[in-house]
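From first to last, the protein sequence lines stand for chains A and B.
Under numbering that gives the first Met the number 0, the letters of the first sequence match residues 0 to 370, in that order.
Under numbering that gives the first Met the number 0, the letters of the second sequence match residues 0 to 397, in that order.
Glycine is no exception: its CB is placed at the ideal position from the N, C-alpha and C atoms.
Note that the coordinates shown come from a computational prediction; the quantities given were computed from them, not determined experimentally.
Here is the structure we will look at, set down as structure tokens.
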Amino acid sequence: MDFQLSDDQLAIQDAVAKFFQEEWNSDIRRDALDDGPVKISDEIWQQIVEMGWIGIAVSEEHGGSGLELLTAAMLAEEGGQVLFPSKLCTAFTTAFALDQCQSGDTAALLTDHMTGQQFVSLAVDEANGTFGPENNATAATLAGDGGTISGEKILVPDAECADCFLVAVRLNDSGALVKVAADAPGLTITAMQRIDGQSISSLQLADVPFSSDDILGGTDDADQVLLRTYEFWTTLISADLLGVTTKALEMTNEYAKVRQQFNKPIGSFQAVSHRLADVKVAEEVGRSLLYGACLALQENPDQCFPQVSAAKAWLSDAAAEATEAALQLHGGIGYTWELDVHLLLRQARSHAVYLGDAAYHRKRIGNFITG
Amino acid sequence: MDLKFSEQDEAYRKKLLDWLASSGELISRTMQGTDDSGERNPMQAMRDWQKHLYEAGYVGMSWPKIYGGYEASLTEQVIANEELARAKIPPSLNTVGLTIVAPTMIQHGSEEQKQKYLKRILRAEDIWCQGFSEPGAGSDLASLKTNAVLDGDNFVVNGQKVWTSAGHIADMCVLLVRTNRDAPKREGITYLLADMKSEGITIRPLRNAGGGSHFNEVFFDDVKIPKENMVGELHGGWAIARSTLDNERSGLSGVVALEANFKRLLQLTESASIGGEPAIEDAHTRDQLAQYWIEIEGLKYLGYRTLSEQLKGQKPGSQASVGKLFASKLRQAMAKNALEIVGPYAALTKKSPHVMDRGRWVAGYFDSLGYGIGGGTSEIMHNVIAERVLELPRSVED
Ligand SMILES: Cc1cc2nc3c(=O)[nH]c(=O)nc-3n(C[C@H](O)[C@H](O)[C@H](O)COP(=O)(O)OP(=O)(O)OC[C@H]3O[C@@H](n4cnc5c(N)ncnc54)[C@H](O)[C@@H]3O)c2cc1C
């Protein structure tokens, strides 16, 4: 066991940071607030595909690089730092789900997804007051080798660029993932825009037809695949939040060294420096919890939820704390449209309530520790 | 990063659990504070326990073998940390020696000093205390005044230390003295090892706010300390003191104690009630318990990260203040929360009828407040993080 990034991982991290630096900038996010939703250009996405990012944590057996799940989380964190859209997290998540499914046309779909032939998104949550696949009502009925799905899905990411969705449904008293094409008859997509310029959609499914080949992982462990996928997704969003935290701290830290008032850098005032020290603590604890979640996912995927929830609960709060401190400690300039602080804050606030807010995740942990 | 436990690791875990199971008798004897002949002697019982723990391989795990350590892998340390936290084992008698003195000595001590003292620390044969703070030098430790003059083969020490934890039971003391009054304050300090039985040392116990007598005033009146008891160079003690402080502020040991505290708090919520309901069913209480669990988990993984760095030869640096600040806040939050859960009887003295758990919760509360002061206050931890980790300009000019 070694609880530090390896040299290989550091090299990947560097390369990823460099790529983002060259290809992405936060103005794209700012503009998207007026003209959104934010879009990643086809050229950039093509490069990402060609660098093999999407399959980075997919098993070699299925054509991926077979690296640890942590590597994907690291990329998500780098993305968070530069405000790269969370489409990357979506791509990792569906790749993860498909990697574990055995039946249906999974292998072909996964290959398409990793090579950029198709973009696969996923639809899990429902408007039932909670998060995750456990209380799903959307049902699929199967007769012979075909059937239909009816129900409603919410909080679906990147629907506007998806070719198809993995829809979590109830099928014969078990969970299952069914592939539904974006242009399937009976499917209505309602797009919404989050305050961070990213889109989120709901899917209305009214007798949407599917064939038995579209049932992915319709094996005994489909429920497990679904749960694990949701935990992995949550971990990636936590990593993105860590990136936001780190970036907000870094910006403010630099500013506190150069901005002078009363003939001194503002960072020499303890009211300023102690608040930044608190953010630093929150970031370090958050990074540690993220590694803990990756460890649990890797080693104990069917019982990883307490660690995953710990990371998400903590980082949801930490990113808010870091970005609010950034806004406050930059003073007037921090409150402008022009500075990136509000972009980070918007992403922090959007992700904080995504895939379960801090209170929800603490509730899960409460149930775990009290047995 | 390698996040796996191998089969070998699991075998190591099994061995530890078997050993714990077979140590039950000594554990309960230590908890009761009786020696092997059944007489009441808590000190001896705790020394016996530490020796037993050491001989089994669970003390000095990270130390070099030549000094009696085990050079255990990170995984082994992680496993031992987890399992010892889970088991109810007696607290350590010699934390200052093990976590503060020894790492400093391994790093900066002479070969002779290492041979002479390290094994005795492991077996709890010497109990150590830390003579740093003085009445006029606390947060601004470098302004310390206790004076030492080199006279032939001995330093002659005069002055006073204060808040010296365990000074009254200690055999040895790491002592900071001023050896050059004309130099800038950080350049005239020397680091010494003092025998607490030396002639001229007077120890006066001080009662702490919680009522306990754990710390002391220590007076030095022409105390002779042999020259070979100097660590590092003459006037070169400040850098060594800094590394002692970093060691004091790092380490996994805090997590083990916090996990034990958490377990007790959880049990309390099962037995106490809030508004006629078991506290454990109360939504607010559950939310707070979850938060503590998250924070302990975070502290644990933070510790693993630090340990990974140390195993690669990096020293625990200012980063250690992150853990120290966080752990003391967490300890305080849990302790305050416990008082709320105990309810109106939380304000009873430990001998009152109806007091809960013999006053443990009040004692724990006072203890927790001390953690925000000892080893550097929380304000100073904020300064250290700001100035040395975030590299912000200093808040105080000196
Ligand atoms: C339980 C306990 C055990 C201890 N054990 C030992 C021991 O074994 N050996 C030993 O040598 N010492 C020990 N100490 C002493 C401890 O290290 C000092 O008390 C501590 O460093 C603070 O110093 P002080 O008491 O002089 O307070 P001061 O330094 O006078 O501080 C008073 C207040 O001012 C604040 N303050 C001071 N300077 C600054 C600054 N620059 N910026 C912001 N705020 C500031 C402090 O945070 C504090 O709140 C122990 C203390 C306690 C409570």
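Grab the span of the alpha helix (DSSP H) containing residue i for me, first residue to last.
i: residue 295 (chain B); result: 282 to 310
i: residue 305 (chain A); result: 304 to 328
i: residue 111 (chain B); result: 110 to 121
i: residue 70 (chain A); result: 68 to 80
i: residue 19 (chain A); result: 6 to 22
i: residue 321 (chain B); result: 319 to 341
i: residue 20 (chain B); result: 6 to 21
i: residue 84 (chain B); result: 73 to 85
i: residue 365 (chain A); result: 357 to 368
i: residue 186 (chain A); result: Counting along the chain, residue 186 (chain A) falls outside any alpha helix (DSSP H), though it belongs to the beta strand (DSSP E) covering 186 to 192.
Which residues mark the beginning and the end of the beta strand (DSSP E) in which residue i is found?
i: residue 218 (chain B); result: 214 to 225
i: residue 258 (chain A); result: Taken as a continuous stretch (DSSP letters only), residue 258 (chain A) belongs to no beta strand (DSSP E), as it is neither H nor E.
i: residue 103 (chain B); result: Careful: residue 103 (chain B) lies outside any beta strand (DSSP E), inside the alpha helix (DSSP H) at 101 to 107.
i: residue 146 (chain B); result: 146 to 150
i: residue 164 (chain A); result: 163 to 170
i: residue 373 (chain A); result: Outside the displayed range of chain A (0 to 370) lies residue 373 (chain A), so it cannot be described from this structure.
State the Cα-Cα distance for the pair residue i and residue j, rounded to the nearest angstrom.
i: residue 351 (chain B); j: residue 345 (chain B); result: 11 Å
i: residue 353 (chain B); j: residue 368 (chain A); result: 28 Å
i: residue 149 (chain A); j: residue 49 (chain A); result: 37 Å
i: residue 101 (chain B); j: residue 59 (chain B); result: 9 Å
i: residue 73 (chain B); j: residue 189 (chain A); result: 51 Å
i: residue 257 (chain A); j: residue 265 (chain A); result: 8 Å
i: residue 140 (chain A); j: residue 292 (chain B); result: 42 Å
i: residue 80 (chain B); j: residue 108 (chain A); result: 45 Å
i: residue 9 (chain B); j: residue 25 (chain A); result: 47 Å
i: residue 107 (chain B); j: residue 230 (chain B); result: 7 Å
i: residue 19 (chain B); j: residue 362 (chain A); result: 34 Å
i: residue 386 (chain B); j: residue 267 (chain A); result: 9 Å
i: residue 122 (chain A); j: residue 98 (chain B); result: 51 Å
i: residue 279 (chain B); j: residue 272 (chain B); result: 8 Å
i: residue 347 (chain A); j: residue 319 (chain A); result: 6 Å
i: residue 202 (chain A); j: residue 317 (chain A); result: 31 Å
i: residue 153 (chain B); j: residue 363 (chain B); result: 43 Å
i: residue 338 (chain A); j: residue 194 (chain A); result: 16 Å
i: residue 321 (chain B); j: residue 156 (chain B); result: 35 Å
Report the partner residues of residue i according to the DSSP bridge assignment.
i: residue 139 (chain B); result: DSSP output for residue 139 (chain B) lists no bridge partner at all.
i: residue 215 (chain A); result: A:176
i: residue 160 (chain B); result: B:217
i: residue 33 (chain B); result: B:39
i: residue 1 (chain A); result: B:1
i: residue 94 (chain B); result: Answer is none; residue 94 (chain B) lacks a bridge partner.
i: residue 140 (chain A); result: A:147
i: residue 154 (chain B); result: B:149, B:224
i: residue 193 (chain B); result: B:172
Count the other CB atoms, across all protein chains shown, that sit within 10 Å of the CB of residue i; report buried if there are 16 or more and exposed otherwise.
i: residue 345 (chain A); result: buried
i: residue 92 (chain A); result: buried
i: residue 453 (chain A); result: Residue 453 (chain A) is absent from the model: chain A starts at 0 and stops at 370.
i: residue 333 (chain B); result: buried
i: residue 290 (chain B); result: buried
i: residue 262 (chain A); result: exposed
i: residue 129 (chain B); result: buried
i: residue 23 (chain B); result: exposed
i: residue 305 (chain A); result: buried
i: residue 336 (chain A); result: exposed
i: residue 441 (chain A); result: In the structure displayed, chain A extends from 0 to 370; residue 441 (chain A) sits before or after that span and is not available.
i: residue 127 (chain A); result: exposed
i: residue 113 (chain A); result: buried
i: residue 158 (chain A); result: buried
i: residue 200 (chain B); result: buried
Could you tell me if the beta carbon of residue i falls within a distance shorter than 7 Å of some heavy atom in ligand 2?
i: residue 395 (chain B); result: You won't find ligand 2 in this model; what it holds is ligand 1.
Margin query: For the segment 360 to 388 of chain B, list every residue whose C-beta sits within 9 Å of some C-beta in chain A, in sequence order.
Written below: Listed by position along the chain: 378, 380, 381, 382, 383, 384, 385, 386, 388.
Item checked: Residues of the segment 92 to 103 of chain B with Cβ closer than 7 Å to any Cβ of chain A, in chain order -> Under the 7 Å Cβ criterion, the segment 92 to 103 of chain B contributes no residue.
Next item on the list: May I ask you to list, following chain order, the residues of the segment 324 to 348 of chain B that have a beta carbon less than 9 Å from some beta carbon of chain A?
Entry: Within the segment 324 to 348 of chain B, the qualifying residues are 324, 325, 328.
Note to self: Taking beta-carbon pairs under 8 Å, can you tell me which members of the segment 232 to 265 of chain B lie near chain A?
What the structure shows: Of all residues in the segment 232 to 265 of chain B, 265 have a Cβ within less than 8 Å of some Cβ in chain A.
Notebook entry, point to check: Closer than 7 Å, Cβ to any Cβ of chain B: which residues of the segment 272 to 290 of chain A, in chain order?
Noted result: Across the segment 272 to 290 of chain A, CB contacts with chain B closer than 7 Å involve 272, 273, 275, 276, 279, 280, 283, 284, 287, 288, 290, in sequence order along the chain.
Next item on the list: Scan the segment 283 to 300 of chain B for residues whose Cβ lies nearer than 8 Å to a Cβ of chain A and list them as they occur along the chain.
Entry: With the criterion set as a beta carbon lying under 8 Å from some beta carbon of chain A, the members of the segment 283 to 300 of chain B are 285, 286, 288, 289, 290, 292, 293, 294, 296, 297, 298, 299, 300, in sequence order.
Item checked: Interfacial residues, the segment 176 to 205 of chain A to chain B, with Cβ spacing under 7 Å -> Within the segment 176 to 205 of chain A, no residue has a Cβ that lies closer than 7 Å to any Cβ of chain B.
Next item on the list: Give the residues from the segment 150 to 177 of chain A that approach chain B closer than 9 Å (Cβ to any Cβ), ordered along the chain.
Entry: Hits within the stretch: zero.
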